[in-house]
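J.: Numbered by mature numbering (1 follows the signal peptide of the UniProt record, and there is no 0), the letters in the sequence shown go through residues -18 to -1, 1 to 387 in order.
All residues carry an ideal CB built from backbone N, CA and C; glycine is no exception.
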Amino acid sequence: MGRPVATVFVLCFISVTACSLSEQATRGRLLAGVDATPPAAGGAVAVPIYLSSQGLYVANFTIGTPPQPVSAVVDLTGELVWTQCTPCQPCFEQDLPLFDPTKSSTFRGLPCGSHLCESIPESSRNCTSDVCIYEAPTKAGDTGGMAGTDTFAIGAAKETLGFGCVVMTDKRLKTIGGPSGIVGLGRTPWSLVTQMNVTAFSYCLAGKSSGALFLGATAKQLAGGKNSSTPFVIKTSAGSSDNGSNPYYMVKLAGIKAGGAPLQAASSSGSTVLLDTVSRASYLADGAYKALKKALTAAVGVQPVASPPKPYDLCFPKAVAGDAPELVFTFDGGAALTVPPANYLLASGNGTVCLTIGSSASLNLTGELEGASILGSLQQENVHVLFDLKEETLSFKPADCSSLT
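This is the structure:
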């Protein structure tokens, strides 16, 4: 259940633990202030998304005039939109041709003297032919490129958006499974949802079937009904404030039930939960995780496999999977997420099923994420997850996600 390690923007979407706050701020300033052309508030856009071979949810769209196809990993905590561009050396392998800004009549590179370019730390920028070039460091290496704007066609929407045109990634990163970049949905001024001026968005993850990302009015319509919601929680590091560069959607965990029985350690932990669309696995505060392991072992009535295959910590014979209980995560305000066994027990291929929930202690989270739990994409499948940006609330509604596209 360990997370893949990648580079610059890639590293941060793969592992929420990988980038320091200063690195997030660097990437945040990259696209802050772009004068995009947003749609009218309340507009509706539906974007099909699918699960890649590496377990990442991907959306297809186009950039430029004439349009060039691009595919990007949908990253709930991502702060911006970016794709690899020509000339790109070295760059990771992707399925589609690299985006070529020279072949788009609507691409505009940002000049060195622009406010946007000047906002990038001096040590991370330079100028080439009056084009703003940047390089962003991470713990795994560097990625660099130019900041620009162009016409994006996403679903039925056509907008001018700011994005990162990446021309160099760390040579240790071979691929992210085919996509050419990232589409960030984070709570930042430069993310897709902010640039498109939507007051709500949602997604419905369908596993091996095609799911969807909904932007605007459609999101709330599909999540209609009397579903309880839970408010967003804003956490900051000691001595810092929320300056608009915190991309995370976090909520307060009230408790967890396994087969109707509360896990006392989860109810007393008061943990915040970060929602994530990139990690397949979830991670609980250590006390809650240990209580869950104990409850599952009691429910299935057999001892765990003595030597579980890596990277798993708890596995059972596949035959007992039918005895595993539903898990119910409850949140402040009454919102609840029901997770069936199929969404937390994964066949390992050797006659066992393994728990895809781990201890967040293994992640060594710091800053505003210290002590947080993480809710991964596998546990969110076949649930319509609604983010009401106007009310700053989150809600869940069970759904057949494959039927919404």
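Is Pro323 helix, strand or coil when you go by DSSP?
T.: helix
J.: Please name the residue in Glu352, Cys67 and Gln76 whose C-alpha comes closest to that of residue 393.
T.: The first residue shown for the chain is -18 and the last is 387, placing residue 393 beyond what the model contains.
J.: Quick one: what's Lys234 bridged to in DSSP?
T.: Thr254
J.: What does a CB cutoff of less than 6 Å around Phe145 pick up in its chain, not counting 5 residues either side in sequence?
T.: Within the same chain, Val63 and Trp64 come within 6 Å of Phe145 by CB-CB distance, once the 5 residues on both sides are set aside.
J.: Can you name, in chain order, every residue of its own chain whose Cβ lies under 7 Å from the Cβ of Phe89, other than the five neighbours on each side?
T.: Gly46, Pro83, Gly130 and Asp132
J.: List the endpoints of the continuous beta strand (DSSP E) containing Gln66.
T.: Val63 to Gln66
J.: Would you mind giving the Cβ-Cβ distance between Pro161 and Ser34, rounded to the nearest angstrom? I have them listed as a contact below 8 Å.
T.: 7 Å
J.: From Thr142 to Leu235, what distance separates their C-alpha atoms?
T.: Each residue's alpha carbon lies about 38 Å from the other.
J.: Enumerated in chain order, which unbroken segments of the alpha helix (DSSP H) with a length of 4 residues or greater are wholly contained in the segment 125 to 206?
T.: 174 to 177 and 199 to 204
J.: Identify whether Glu117 lies in helix, strand or coil by the three-state DSSP scheme.
T.: Three-state DSSP puts Glu117 in a strand.
J.: What does DSSP give as the partner residues of Phe81 in its beta bridges?
T.: Cys67
J.: For Gln50, write down the residues that DSSP places opposite it in a beta bridge.
T.: Ile45
J.: Asp112: buried (16+ other C-beta within 10 angstroms of its C-beta) or exposed?
T.: Flag for Asp112 reads exposed.
J.: Work out the CA separation of Ala41 and Ser384 for me, nearest whole Å.
T.: 15 Å
J.: For my contact list, Cys274 and Leu245 are in at a C-beta cut-off of 8 Å; report their separation, rounded to the angstrom.
T.: Reading the sequence as shown, one finds Leu at residue 274 and not Cys. Under the criterion of beta carbons closer than 8 Å, Leu274 and Leu245 qualify as touching, at roughly 6 Å.
J.: Beta-carbon separation of Tyr265 and Phe369 under 8 Å?
T.: Not closer than 8 Å, so no.
J.: If you drop the 5 nearest sequence neighbours on each side, which residues of the same chain put their C-beta closer than 6 Å to that of Gly193?
T.: Ile31, Cys186, Leu187 and Cys383
J.: In the structure shown, what three-state DSSP assignment does Cys383 receive?
T.: helix
J.: Would you please state the rounded distance, in angstroms, between the beta carbons of Gly241 and Pro322? I believe it to be under 8 Å.
T.: Not confirmed; about 12 Å, so no contact.
J.: Tell me which same chain residues have a C-beta within less than 7 Å of the C-beta of Asp305, skipping the five on either side of it?
T.: Taken in chain order, the residues that qualify are Ala281, Val282 and Gly283.
J.: Return the residue from the list Ser184, Thr334, Leu278 and Ile164 that minimises the CA-CA distance to Lys292.
T.: Thr334
J.: Quick one: what's got a C-beta closer than 6 Å to Cys73's C-beta in the same chain, skipping five residues either side?
T.: So the qualifying residues of the chain are Gln66 and Thr151.
J.: What residues in its chain sit with their C-beta under 6 Å from that of Gly91, if we drop five residues either side in the sequence?
T.: Val113, Met128 and Gly130
J.: Between Thr259 and the rest of its own chain, which residues show a CB-CB distance below 6 Å, the 5 nearest in sequence each way excluded?
T.: Tyr39, Val56, Leu58 and Ser359
J.: Just to confirm my understanding: we take Thr375, look at its own chain, exclude 5 residues before and 5 after, and list those with CB closer than 6 Å. What are they?
T.: For Thr375, the CB contacts under 6 Å within the same chain, skipping 5 residues up- and downstream, are Ser211 and Pro213 in chain order.
J.: Buried or exposed: which applies to Gly137, given that a residue is buried once 16 or more other Cβ atoms fall within 10 Å of its Cβ?
T.: buried
J.: Given this structure, state the Cα-to-Cα distance separating Leu195 from Val29, to the nearest angstrom.
T.: A direct Cα-Cα distance of roughly 5 Å separates Leu195 from Val29.
J.: Exposed or buried, Pro69, counting other C-beta atoms within 10 Å across all chains shown (16 or more means buried)?
T.: exposed
J.: Going by DSSP in three states, Cys297 sits in which element: helix, strand or coil?
T.: strand
J.: Would you tell me roughly how many angstroms separate the C-alpha atoms of Met178 and Leu257, rounded to the nearest one?
T.: 21 Å
J.: Among the candidates Glu352, Thr181 and Thr279, whose CA atom is the shortest distance from the CA of Ala267?
T.: Glu352
J.: Just the C-alpha distance for Ala54 and Ser355, rounded to the nearest angstrom, thanks.
T.: So the alpha carbons of these two residues sit roughly 26 Å apart.
J.: In whole angstroms, what separates the C-alpha of Ser184 from that of Gln362?
T.: 12 Å
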